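Colleague: Can you read through this structure? Questions will come right after.
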Amino acid sequence: MGRRWDTPEARRALLCELVSWDSRTLTEGERLFAQRLETKLREMPHFQQHPERVGLHDAGLGRQTVTALYKHPDATDTIVLISHFDTVQTEEYGALQALSTLPEELTAKLHEVKDTLHAEARADLESGEYLFGRGTMDMKAGLTAHLSLLEQAIDESWPVNLLLLTVPDEEVNSAGMRVAVGVLLEIAEKEGLTFSLFLNGEPSFTQEPGDTKEYIYSGTIGKIMPAALFYGKETHVGEPLQGLTANYIASYLTQQMEFSDLFEESEYGEKTPLPVSLYQRDLKDQYSTQTPYRAAALYNVFLFKRTAADVMETFEKVAVEAASACNSAYRELCRRHGVSGVGDVKVYRYEQILRHAEDKLGTETVRKLKEKAIALAGSDERAQSFAVADRLMIECQELSPAIVLLYAPPYYPAVNSTEDQLIRDAITLMQGTARTLGTELEQVHYFNGICDLSYVNYRDGSAGWTAYERNTPVWGDTYSIPFEDMRKLDAPVLNVGPLGRDAHQRTERLHIDSAFRRLPIMLETLIRKLFIERSEHAAAQYHHSS
14 MGRRWDTPEA
24 RRALLCELVS
34 WDSRTLTEGE
44 RLFAQRLETK
54 LREMPHFQQH
64 PERVGLHDAG
74 LGRQTVTALY
84 KHPDATDTIV
94 LISHFDTVQT
104 EEYGALQALS
114 TLPEELTAKL
124 HEVKDTLHAE
134 ARADLESGEY
144 LFGRGTMDMK
154 AGLTAHLSLL
164 EQAIDESWPV
174 NLLLLTVPDE
184 EVNSAGMRVA
194 VGVLLEIAEK
204 EGLTFSLFLN
214 GEPSFTQEPG
224 DTKEYIYSGT
234 IGKIMPAALF
244 YGKETHVGEP
254 LQGLTANYIA
264 SYLTQQMEFS
274 DLFEESEYGE
284 KTPLPVSLYQ
294 RDLKDQYSTQ
304 TPYRAAALYN
314 VFLFKRTAAD
324 VMETFEKVAV
334 EAASACNSAY
344 RELCRRHGVS
354 GVGDVKVYRY
364 EQILRHAEDK
374 LGTETVRKLK
384 EKAIALAGSD
394 ERAQSFAVAD
404 RLMIECQELS
414 PAIVLLYAPP
424 YYPAVNSTED
434 QLIRDAITLM
444 QGTARTLGTE
454 LEQVHYFNGI
464 CDLSYVNYRD
474 GSAGWTAYER
484 NTPVWGDTYS
494 IPFEDMRKLD
504 APVLNVGPLG
514 RDAHQRTERL
524 HIDSAFRRLP
534 IMLETLIRKL
544 FIERSEHAAA
554 QYHHSS
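For what it's worth, my numbering labels the leading residue of the sequence shown as 14, then goes sequentially.
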């Protein structure tokens, strides 16, 4: 059996097959995808001879991370090829939803309704240079390229190891990649591997509307979600000043957090997007004339260099200012109406609330309260986080009115390898190769789409992550990050992927020539020049000197 994916046409067919395995996050398709891919890998003669080198690893909720190792007997240098196979949902395709995972059929059908597409998407459709469909760009084209590369390495006995790693759940909580951290360390120890490069295949994202450039990424942006539980005082709507609504308190913090430039960072001429609120609602679950006295808000903050400890410190300062403004306005209101009010809103970190509750109720009681709150909240880790903080505040109402600051999952640390010599060489090489293939490649220092590279090559000290562990209500129960192990995966990171447009939209599409011709050549060149030829040169030098 020869190579199956060694032509652009064969890779296109492989991509269409992988996309047809509908694998939206948290669906049955996501659970089945790993097994289907395992079957495909085990059809390769190499893995029939070495069945132990293909593995499925439990990632929770019936999902699995997939690994496949090509190991050369004389090599220790190992390149990890990283991708994810889950996709976002497909409702926005409307009447065409049934075709959303059939790229050839969808692309053909869109010609009949091209007037419904925005101008850029229509032009791309009419050019014939793009394939449309969910997961074409984000990111089954990356997995396709990695499978083709793995097959080529096996066929040509490359003197370097390739470890294919593809994971579920990247689009929600990265459970697949967080599990993969330990798996990578186990495989390295068992097989005697040295990780030399973590190579992701996420697509080239536009930096702004109308952008036509292609990019290579020497790092990935971080993302963290500071959140707040607002606890006021309940009353009847007929006696509003006998209480204080949580919504009133929340409005002050959200006003201060939304678009706050206190959280903006600049590195290498790039800036983090400003924070926004992702969620804000009161926690009343049915209508009544009791005022809403508990509310929750979730804020999205992007990171370059800042740690969880840094963000919590800034968040706390903003919250103290918001509480002060809220208290001033509320005191003035009470003065005008001649009422005493319910007191000043105070600001606490979750860890302070937890400590207070344990001192008051005992550690065992608090553990049971947390367990029950998580069980009742359902499977969403953000809902669970608010439920735990809420339960503790209900038992500790002497602390109200209050803003309780916490972290909600997921957390993606920023990672950057711009200064690494291998990465500098790789970028120069890739830019030169791209030019010979008829395109220009521009370096971006932080991939702006958020990706699983966040869980390797971790550099923060323990002080940076301790603030996260202590202020994440579900830490160690339903969510955790293997920070210590992530530090052991200390090889540089690089993201080289195909050109695509409109990820997570009904016009998601993949550039055909970029994905199936240019990208495979670039990846092969990268490995040949920086790993194979260099090691051969070093070996020749060694023999010459001895």
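A virtual CB, placed ideally from N, CA and C, is assigned to each residue, including glycine. Because the structure is a prediction, the values reported are computed rather than measured.
I need the DSSP call for R519, collapsed to helix, strand or coil.
Modeller: It is coil, neither helix nor strand.
Colleague: Per DSSP, what kind of secondary structure is S209 in: helix, strand or coil?
Modeller: Residue state, collapsed to three classes: strand.
Colleague: What are the boundary residues of the alpha helix (DSSP H) that E30 is part of?
Modeller: Counting along the chain, the alpha helix (DSSP H) containing E30 begins and ends at P21 to S33.
Colleague: Taking the beta strand (DSSP E) that E252 belongs to, which residues open and close that run?
Modeller: Element bounds for E252: n/a, residue is neither H nor E.
Colleague: Buried or exposed: which applies to R349, given that a residue is buried once 16 or more other Cβ atoms fall within 10 Å of its Cβ?
Modeller: That one is exposed.
Colleague: Between the Cα of E104 and the Cα atoms of R307, I525, V401 and H517, which residue gives the shortest distance?
Modeller: E104 has its Cα closest to that of H517, out of R307, I525, V401 and H517.
Colleague: Quick one, which of M190, Y424 and D90 has its alpha-carbon nearest A201's?
Modeller: That would be D90, whose Cα lies nearest to the Cα of A201.
Colleague: Who does A240 pair with in a DSSP beta bridge?
Modeller: L311 and L419, per the DSSP bridge assignment.
Colleague: In terms of residue numbering, what span does the alpha helix (DSSP H) encompassing T267 cover?
Modeller: T267 -> alpha helix (DSSP H) spans A259 to M270.
Colleague: Span of the alpha helix (DSSP H) holding F328?
Modeller: Per DSSP, F328 belongs to the alpha helix (DSSP H) from A321 to H350.
Colleague: The alpha helix (DSSP H) spanning K373 covers which residue range?
Modeller: Segment Y363 to L374, the alpha helix (DSSP H) holding K373.
Colleague: Mapping the DSSP letters down to three states, classify N461 as helix, strand or coil.
Modeller: Here N461 sits in coil by DSSP.
Colleague: Given this structure, state the Cα-to-Cα distance separating R49 from R37, to the nearest angstrom.
Modeller: One C-alpha to the other measures close to 15 Å.
Colleague: May I ask which residues mark the beginning and end of the beta strand (DSSP E) holding E407?
Modeller: What sits at residue 407 in the sequence shown is Ile, not Glu. Taken as a continuous stretch (DSSP letters only), I407 belongs to no beta strand (DSSP E), being part of the alpha helix (DSSP H) at E394 to E408.
Colleague: Between D433 and L543, how many whole angstroms is the CB-CB distance? I'm expecting something under 8 Å.
Modeller: Wrong, their Cβ atoms sit about 12 Å apart, outside the cutoff.
Colleague: Under the rule that 16 or more other beta-carbon atoms within 10 Å means buried, what is Y420, buried or exposed?
Modeller: Classification of Y420: buried, given that the 10 Å Cβ count is 16 or more.
Colleague: Say whether the region 130-140 touches the region 153-166, bearing in mind that this needs 3 or more beta-carbon pairs closer than 8 Å, one atom from each stretch.
Modeller: No, the region 130-140 does not touch the region 153-166.
Colleague: For E227, does the three-state DSSP call read helix, strand or coil?
Modeller: Strand.
Colleague: From which residue to which residue does the alpha helix (DSSP H) around A439 run?
Modeller: Where A439 is concerned, the enclosing alpha helix (DSSP H) stretches over Q434 to T449.
Colleague: Which same chain residues end up closer than 7 Å to Q303 when comparing Cβ atoms and leaving out the 5 residues on each side of it in sequence?
Modeller: The residues are E247 and H249.
Colleague: What are the start and end residues of the alpha helix (DSSP H) that includes N186?
Modeller: From DSSP, N186 is part of no alpha helix (DSSP H); its letter is neither H nor E.
Colleague: DSSP beta-bridge partners for W478?
Modeller: Partner(s): none; W478 has no beta bridge.
Colleague: Do three or more CB pairs link the region 52-60 to the region 117-129 at distances below 8 Å?
Modeller: No, because fewer than three Cβ pairs between the region 52-60 and the region 117-129 fall closer than 8 Å, the two stretches do not touch.
Colleague: Between A321 and G477, is the Cβ-Cβ spacing less than 8 Å?
Modeller: For A321 and G477, yes; Cβs fall inside 8 Å.
Colleague: Which partner residues does E280 have in the DSSP bridge list?
Modeller: Bridge partners of E280: E283.
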